[in-house]
Structures are given as structure tokens and as C-alpha cells.
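Structure, as C-alpha cells:
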Ligand SMILES: Nc1ncnc2c1ncn2[C@@H]1O[C@H](COP(=O)(O)OP(=O)(O)OP(=O)(O)O)[C@@H](O)[C@H]1O
Ligand SMILES: [Mg+2]
């Protein structure tokens, strides 16, 4: 299978601070849900920020469809087809739900197309339709997350990066998030997912990658990663003895 | 990619990674440097025995005054992270407090300076309780507004002479010795300020202040009474500026709003700290010496005061852009700081 | 009764000019978190442009407004590139920009002082000394024109922000810079242009200032505190809030000036600032305290 996104030996950090990503490599194959797990502070969010162009890459390269994208601005990377939904959801609190969706299509210069897609999303998510004129900042956490994920549909990117979409949500809402995620995938988008809840994340994924100290430590098909005893001990919070 | 994964190795590596992010601290300070410096400064007036060195004494006195003011500002602006652009209000309060006592009761400002400092500190504490509720830019704005309010008040307060101020009696000394008492007064004020600044930096109080400058919310949740800490830092930092103001008035022989309440005085304090290194003990001293020399050079070559303002502004901009940690801060970062400047 | 109406009208006209003076400041703070202490000296730079165009070529200051705006727009682009672009990544950014713009204000203050000296100047178009009477109501023509021009420009600015694509980008960047970036807004470019627009507004305000106030370079220190009070009162970066604060305070200041003397009318702004800090630190219209 051809690689869609290829991260090779990337080193990155914040400002003049120490490197947070220490030569990380990772490949993303088209059509999959790929889950990245790792302890707090491992650099998962940092990796996504580096791919999205929010953080400069100090060395190494990132290729998308064979073309180098490191060094591009975030808006250029978005235009190439990579959409990032960060941990903080990135909504505009003082804009309405509808305006937020339209901002999602800021890069579309075709007004008619933008309007059509906005309508289509509102069609798909009745809750958002109901609240189309409410300010995004006044919605619940789950609704905000739904809005942030639904918004990616407006640009129809090739890759959607989701950073902890389940953060702070009730269990049944989490389930809903994963359903939306699968819906995005069924639309032909490739998903790169970071999950703090590793078990749930891996269960909904095809491929699992374990990240620590800014490097890829281990990866494999998600079901295998899920039961690997070393992973269990280090990151899933079960002792080796119990697993053995 | 599948690296060989061993649990012990990963945990070890994580520990190493963590400790490499921390830095070790050098120990040992060359005490003789400040002592020699003090002795030299104390002996400097002896120059008058061999000739007229009033200009040298004036420069030294002026430098020591600003060393005291910049070091004092540094306690609030450097350690605590609250940049005040209106700190000369306390310079003014000190000046008027002692100046009025001198004008009406004939008591030397050198004697009343500590009380002037106290007055400035009390007022500073009160003002701090209000303005320190704001963080970042809003605090800075409020400090400028404070300066404007003070200017309007003093310009219109007839009891203290309004915009014309008040002339103060002069000492009946020969011109040659005229500067000596003030010289020593400023030497003592500067020395005490720098010593206090040093002690604060190495105290639990100072640690609290620095915690506040890093992250106030976390400092508060760590049990620091941030409101009191900040207001107290404000008071201390007003105290020494007030003392300096007290003696400065008598030295100039008059008190007037436009010598105390001009923004250039506040700008000087800030710039000196930034040039030398905000938040370091030695920084304000280095910065003051540099800026005074620069100003002298500028005035001597260009003369015009407008150009002086422009020059000060441009230097400040360049320092902020290319040298935000100042001389002491930058050298420390590169671990090139000579030991006699390392008091942090 | 007519007295009260009289003061009210004069306060509102002046308030319009203050609103225009503060609007660029608010815009710049909103988008870039730059507290532009150099804004008032930029207004004065605009005033000097109009002053010289009038004095040398007899061009009416209202007509030379676009010229002043353009000059300041260009100065804004250059300054942003030279001074602010590289700072945007630093952690203590917002605090740093206060010091930077403070230094910038000093530099320009010194420069203008050296070039034109600190003597009082005023542009004197023919309507500068005229007045309109509406019944018993007396309105100096200059203030009336300046007020109207200000409201027109502010109205245009609001329409621009509300209905254009670039306006959307500016508002998005103001509300959530990182999010705007992720939506494909080139926030660096938006910042650059917004800084230019902010200073252009200052330039336009300067043209008006040149014939309603007598001015000299060092005057900007007083305005710094006044304009900053308006921005804080309006809730840091909220355009509508700043405009309302400007109108409200100008009217109050006009009353204070009429009944207590002009010295104390300036004081209104500062006292309002401190009272606000005590009772409602987020400003009249702010919903939370912005931190750097
Ligand atoms: N804006 C920032 N500036 C400086 N350092 C940062 C910043 N954001 C994160 N870091 C540091 O980078 C490291 C990795 O952070 P990152 O957010 O990538 O972790 P993560 O794997 O996403 O963790 P979590 O599961 O908690 O979200 C941490 O040590 C953190 O302190
Ligand atoms: Mg994270």
C-alpha cells in the first residue's frame, strides 16, 4: 500500500526549548484509522502540531503524497488536505455554529460550494442545525467536539487528525464521537487519532503506534498492540505479573 | 518500525531525559568584589582634595541613585514580573515628603529619607492592592494612568507649589564639598537596596515572587498568598525609590512635578533593568552604568534633549529585540557569566 | 436644560473622535495582542501630515485624511515587519510588546520633537473658527465635522469586519488565533495588514485631531493613558465596547469639565479606569481577563 503521510526522523520543540520530538518516524496509510498512544507528555500533541505546521520542524522531513510539507504554513498544509482538530477544539466562541462551519471552509473560494457543504453538514447533524445560530462558546463540551469534527467535512480533507476527541466527555458521548470518526473514514478520509484512553482508542482503530520520549517505540495492527504485554505494563496501567 | 523494547531501559531513559532538562547551579561568590567596589566609591570624594572633580562626583552620585532605583524596580518588575511604567510616582512621593519637611522645618532630607521611603511604601502597598489585581498589559496600562493622575494632582496642588514646585534651602557649604553629604547618602541607599535585592532573591519570599512571575495561578495553588506577596513586593520596591527621591530633591535644591513625574525617569529604570538583565541581582547595576555612560556620551555629542529621548527609545527597542535577557541574563544563559557578576 | 444638551452634544462629538483614535488600538490588540503604546504618537504623526499639507499646500485636513491614513498604513507595515513579526513566538509576548511599543513611542516622540520642535500647533481650515446654531444649541463646526467623519469611518470599519472575507479572518484571528490558523487563515498576513489598518485609523484620526486640538509631539503621553483607559474599559480588544466606552466617558468628561474645570475632565478617564479595575477588572464589556 502506498504511504499517504510519511514522517521521518523529525526533531521539533517549542521556541528555544529542548527537543520534544526526538527523531520520530511514522507512516500513515490511506483509508485507515491509526491510533497513537503514549503517556502524558510523550509528545503526541506536539507531533500533530508539527504535522499541521503549527510548530517548526528542526530536522527530518514530513511528506504528504510524496511531497514535502514541513516548512509550509498551517494554511498551506490545510489546502493540501490535512485537517487538524486539536485538543482544545479550536472553535470561535463568539461566532455562531453556522459561522464556525463557514470558517471551516475559509479556504474554499467558491461561495456556492461553501454554502452547499455547510447545508449538507447541518443536514447530517440535526443537533447543529437546531443550534445553528447559537454562539459556539455557549455549547456543551460534547456539542463543541461534534461541531469541531463536523467542521472537517466542509473542506473534505484527505487526512483528519483528531487529538483526544474524547477528552472530558461522558461515556455515551464518547461512543458518539467514535461513530462520527468512523463516518469520516467511510467518507474516504484517513484518520490519525490520539487517545488518552488507549483501550477505547485502539479498539476503534486499524493500526496502533506507541509513542514515548518523542520517538515511536512500537507499532502494529491495533488488536495486536492492545494485547502486547510490554505495552500493557508500560502504558495501559496493568502490571506485567497480572498480564502474564 | 519495531524497536526492541525493554521496560527497564525505557524507564531509565525517561529519568535521564527528565534530569537533562534540569540544570545544576554553581556555588561560591567572590565577596571581595562588592567590598572593593564599596571602598573605592567611599574613597572617591577624596578627589576633591586634589582638585575640582564635582562632575565626576555628580556622575557617580547620579549612577548610584539610579542603581538604587533600578534595583528597587527590579524587585517588582524583575522578580515578580509586574512591569510598572509609573514607578517614578514613588520617586515623587519621597521627594515631596522629605522636601516639604525640609522646607517647613529645616530637617535634612538625608535624615528623613527613610520615612519618605516608608510613606512611599505605604502608599505603594495600597495602590498595589488595587492595581495588582490585573496581570500583564492591563497592569502596565494602569501604572501609566497612575503616573498621569499623580501629575495632574501635583500640578494642581497649591500647598506644594503646583507646577512650579518649591525651592529648598541649600547647605551652607563650600561648593567643593557641597556634593559630599548627598554622595554618601546615595552610596548608602544604593548599597542597602542592592543588598536587600540580593537577600530577597535568595529568600523564601523571593522564591514566592518568582513563582508568581512564572505562573500566578500555580503559585496560588501552591499555597502562596499571592495578593499579599505582590503588594508587599510593590511596597518594598516603592520604598527605595521613595528614599532616592527624598535626597534627590535637596540635592537639586528644588522639588517640582516635571523633574519627578516625567516618563523618562520611569523609562530609565525599566531600560536599565532590561539592558543589564531583568530579574538578576547584578543586572540593574550593569544596566545603569551602561545607560548613564551612554546618556553622557549622547548629551555631550548631540546635546538636544529630543534626540536623547529618541536615542533612549531606539536603544530600548534594540535591547528588547536582540537582547531581551540583558547582559547578565544572556551571559548566564551561555554559561559565560563571570563569577563576580553571578549573584543569582 | 439646554446647557445639559449642549454639553452632551459636544461630549458626543469629541467622543466620536476618541472612539476613532481608540478603534485602531483595539483592533491591533484584538488580533495581535499588541498593546500599542505608540498609537497616540502615530495619531500625532498623522496630525503632522495633515498639518503640513495644509500649511504648505492649503489642502483641507478632512481631504488629506486618506493621505495621512496611507502614510501611516505604510509605516505600520514597515514597523510590523521590522519590530513585531519576529516577537510573535516569544512566551512573554504581550508584555514584551508593551515595552517595545513604549520604546517605539519614545523614539517617534524624540524624532518628531527634533524635526518640528515641541511648540503648539493647530491646523486652521476656514471652518475651524465657525459654529452652527440649532436653536440655542451651539456646535463648533470643526467638532461637528470631526465627529461625523469619525462615525463614518467607524461605521465603514464595522461593515468591513462584519461582511468581508478578510473581516471574517480578522474576527476569527481575534477570537482564537490558533483556530484561525487551522482553518487556513494566514494569521501572519492578517496580522501584518491589521497592523497597517490600525495605524491607518490612527492617521485618519490624526487629521481630525490636527484641527480640533492644538498639538505637539510630547502630548501623546497624556493620550496614551486616556486611550488605554478606553481600551481597558471596553474589555481589551472589543471594538464595540471601546466605542461605547469612548462615547460614555467623553460625555462624562465634558460634564466634569463644564462643572469642575478642564483640569479634572482628563482625570475622568483615569479615575474611571481605576474604579473599573476595582469593581469589574474585565472591563465594561469583557467576559474574561485576557492574559499574555
Ligand atoms: N506550548 C508549549 N510550550 C512549551 N512546551 C510545551 C508546550 N506544549 C507542550 N510542551 C511540552 O512538550 C512535551 C510534550 O507535550 P505534548 O502536549 O505533546 O504531550 P502529549 O503526549 O500530547 O500529552 P497529553 O497526553 O498530556 O496531551 C511536554 O513535556 C510539555 O511540557
Ligand atoms: Mg496532548
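Residue numbers (the working numbering), protein chains in the order written: chain A, 1 to 244; chain B, 1 to 344; chain C, 1 to 292. Just so you know, even glycine gets a beta-carbon here, dropped at the ideal spot from N, CA and C.
*Alpha carbon of residue 295 (chain B) to alpha carbon of residue 284 (chain B), nearest angstrom*: Pairing residue 295 (chain B) with residue 284 (chain B), the inter-Cα distance amounts to about 16 Å.
*asked:* Which residues of the stretch 268-288 of chain C have a Cβ closer than 7 Å to any Cβ of chain A? Give them in chain order.
replied: Under the 7 Å Cβ criterion, the stretch 268-288 of chain C contributes no residue.
*asked:* Using a 10 Å radius around the Cβ and a threshold of 16 neighbouring Cβ atoms, would you call residue 82 (chain C) buried or exposed?
replied: Classification for residue 82 (chain C): exposed.
*asked:* Taking a contact to mean a Cβ-Cβ separation below 8 Å, would you say residue 11 (chain A) touches residue 59 (chain A) in this structure?
replied: Their beta carbons are under 8 Å apart, which means residue 11 (chain A) touches residue 59 (chain A) by this criterion.
*Under 8 Å, do residue 160 (chain B) and residue 100 (chain B) count as touching if we go by C-beta distance?*
Yes, these two residues count as a Cβ contact at 8 Å.
*Which chain C residues are close to residue 78 (chain A), counting only those with a beta carbon under 8 Å from its beta carbon?*
Listed along chain C, the residues sitting closer than 8 Å to residue 78 (chain A) by beta-carbon distance are 182, 183 and 184.
*Have a look at B:31, B:52, B:218 and B:61 and flag the residue whose alpha-carbon is nearest the alpha-carbon of residue 392 (chain B).*
With chain B covering 1 to 344 only, the question about residue 392 (chain B) has no answer from this structure.
*Does any C-beta atom of chain C lie closer than 8 Å to the C-beta of residue 152 (chain B)?*
With 8 Å as the cut-off, residue 152 (chain B) counts as an interface residue toward chain C.
*Looking at residue 215 (chain C) and residue 47 (chain C), is the spacing between their C-beta atoms short of 8 Å?*
Yes, these two residues count as a Cβ contact at 8 Å.
_Residues in the same chain with beta-carbon distance under 6 Å from residue 217 (chain A), minus the five sequence neighbours each way, listed in chain order, please._
Apart from the 5 residues on each side of it in sequence, residue 217 (chain A) sits with its Cβ closer than 6 Å to the Cβ of 210 in its chain, given in chain order.
*Does the distance from the C-beta atom of residue 91 (chain A) to that of residue 179 (chain C) stay below 8 Å?*
Yes, the pair counts as a contact, with Cβ atoms nearer than the cut-off.
*So, using beta-carbon positions, are residue 105 (chain A) and residue 154 (chain A) closer together than 8 Å?*
With respect to the 8 Å criterion, residue 105 (chain A) and residue 154 (chain A) are classified as neighbours on the basis of their beta carbons.
*Is residue 222 (chain C) close to chain B, meaning its C-beta is less than 8 Å from at least one C-beta of that chain?*
By this cut-off, residue 222 (chain C) is an interface position.
*Give the secondary structure of residue 23 (chain B) by DSSP, where H, G and I count as helix, E and B as strand, and everything else as coil.*
Bear in mind that the predicted position of residue 23 (chain B) carries a pLDDT of just 47, short of 50, making it too unreliable to give a figure here.
*Taking buried to mean at least 16 other C-beta atoms within 10 Å of its own C-beta, is residue 259 (chain C) buried or exposed?*
Around the CB of residue 259 (chain C), fewer than 16 other CB atoms lie within 10 Å, so the residue is classed as exposed.
*asked:* Less than 8 Å between the C-beta atoms of residue 22 (chain C) and residue 49 (chain C), yes or no?
replied: Judged by their CB atoms, residue 22 (chain C) and residue 49 (chain C) are not nearer to each other than the 8 Å cut-off.
_For residue 83 (chain A), the residue or residues it bridges with in DSSP_ = Note: residue 83 (chain A) sits in a beta bridge opposite A:160.
*asked:* Using 8 Å as the cut-off, can you tell me whether the stretch 116-128 of chain A makes contact with the stretch 62-76 of chain A, which would need three or more C-beta pairs spanning the two stretches below that distance?
replied: Contact between the stretch 116-128 of chain A and the stretch 62-76 of chain A is not established, with fewer than three Cβ pairs separated by less than 8 Å.
*First and last residue of the uninterrupted beta strand (DSSP E) at residue 22 (chain A)*: 19-28 is the span of the beta strand (DSSP E), which, as asked, contains residue 22 (chain A).
*Within this structure, are the beta carbons of residue 294 (chain C) and residue 211 (chain C) separated by less than 8 Å?*
Given a span of 1 to 292 for chain C in the structure shown, any question on residue 294 (chain C) remains unanswerable.
*Going along the stretch 195-210 of chain A in order, which residues come within less than 8 Å of chain F, judged by CB to CB distance?*
Of the chains in the structure shown, none is chain F; the protein chains are A, B and C.
_Bridge partners for residue 34 (chain A) per DSSP, in chain order?_
Residue pairing from DSSP places residue 34 (chain A) in a beta bridge opposite A:192 and A:207.
*Please state whether DSSP places residue 132 (chain C) in a helix, a strand or coil.*
The three-state secondary structure of residue 132 (chain C), taken from DSSP, is strand.
*asked:* Please tell me whether residue 43 (chain A) and residue 21 (chain A) are closer than 8 Å, where the distance is taken between their beta carbons.
replied: Cβ atoms of residue 43 (chain A) and residue 21 (chain A): closer than 8 Å.
*With residue 291 (chain B) as the anchor, note down where its alpha helix (DSSP H) starts and where it stops.*
In the DSSP assignment, residue 291 (chain B) falls within the unbroken alpha helix (DSSP H) covering 283-302.
*Return the Cβ separation of residue 106 (chain C) and residue 312 (chain B) in integer angstroms, given the expectation that the two are a contact with Cβ distance under 8 Å.*
That belief holds up - the Cβ atoms of residue 106 (chain C) and residue 312 (chain B) are roughly 6 Å apart, short of 8 Å.
*Among C:55, C:75 and C:8, which one has its Cα closest to the Cα of residue 199 (chain C)?*
The shortest C-alpha to C-alpha distance from residue 199 (chain C) to any of C:55, C:75 and C:8 is the one to C:75.
_Contact set for residue 307 (chain B): own chain, Cβ-Cβ below 8 Å, skip 5 residues either direction_ = Around residue 307 (chain B): 298.
*Does DSSP classify residue 16 (chain A) as helix, strand or coil?*
Looking at residue 16 (chain A) - three-state DSSP - the assignment turns out to be coil, as it is neither helix nor strand.
_Any non-hydrogen atom of ligand 2 within 7 Å of residue 164 (chain A) CB_ = Residue 164 (chain A) Cβ: within cutoff of ligand 2.
*Take residue 24 (chain C) and list the residues in its own chain whose beta-carbon comes closer than 6 Å to its own, dropping the five residues that flank it on each side.*
Excluding positions up to five away in sequence, the list reads 198, 201 and 202.
*chain C beta carbons: is any one of them nearer than 8 Å to that of residue 24 (chain B)?*
With a pLDDT of only 48 at residue 24 (chain B), under the threshold of 50, the placement of this residue in the model should not be trusted; the figure read from the coordinates follows. At a cut-off of 8 Å between beta carbons, residue 24 (chain B) makes no contact with chain C.
*CA-to-CA distance, residue 228 (chain A) to residue 175 (chain A), given in whole angstroms*: Rounded to whole angstroms, residue 175 (chain A) and residue 228 (chain A) show a C-alpha spacing of 24 Å.
*Could you list which residues in chain A have their beta carbon closer than 8 Å to that of residue 175 (chain C), in chain order?*
92, 93, 94 and 95, listed in chain order.
_Beta-carbon spacing of residue 202 (chain A), residue 170 (chain A) below 8 Å_ = It is not a contact, given that the beta carbons lie outside the stated cut-off.
*Should the stretch 212-232 of chain B be regarded as contacting the stretch 85-96 of chain B, the criterion being three or more beta carbon pairs within less than 8 Å?*
Flag = no, the stretch 212-232 of chain B and the stretch 85-96 of chain B do not touch.
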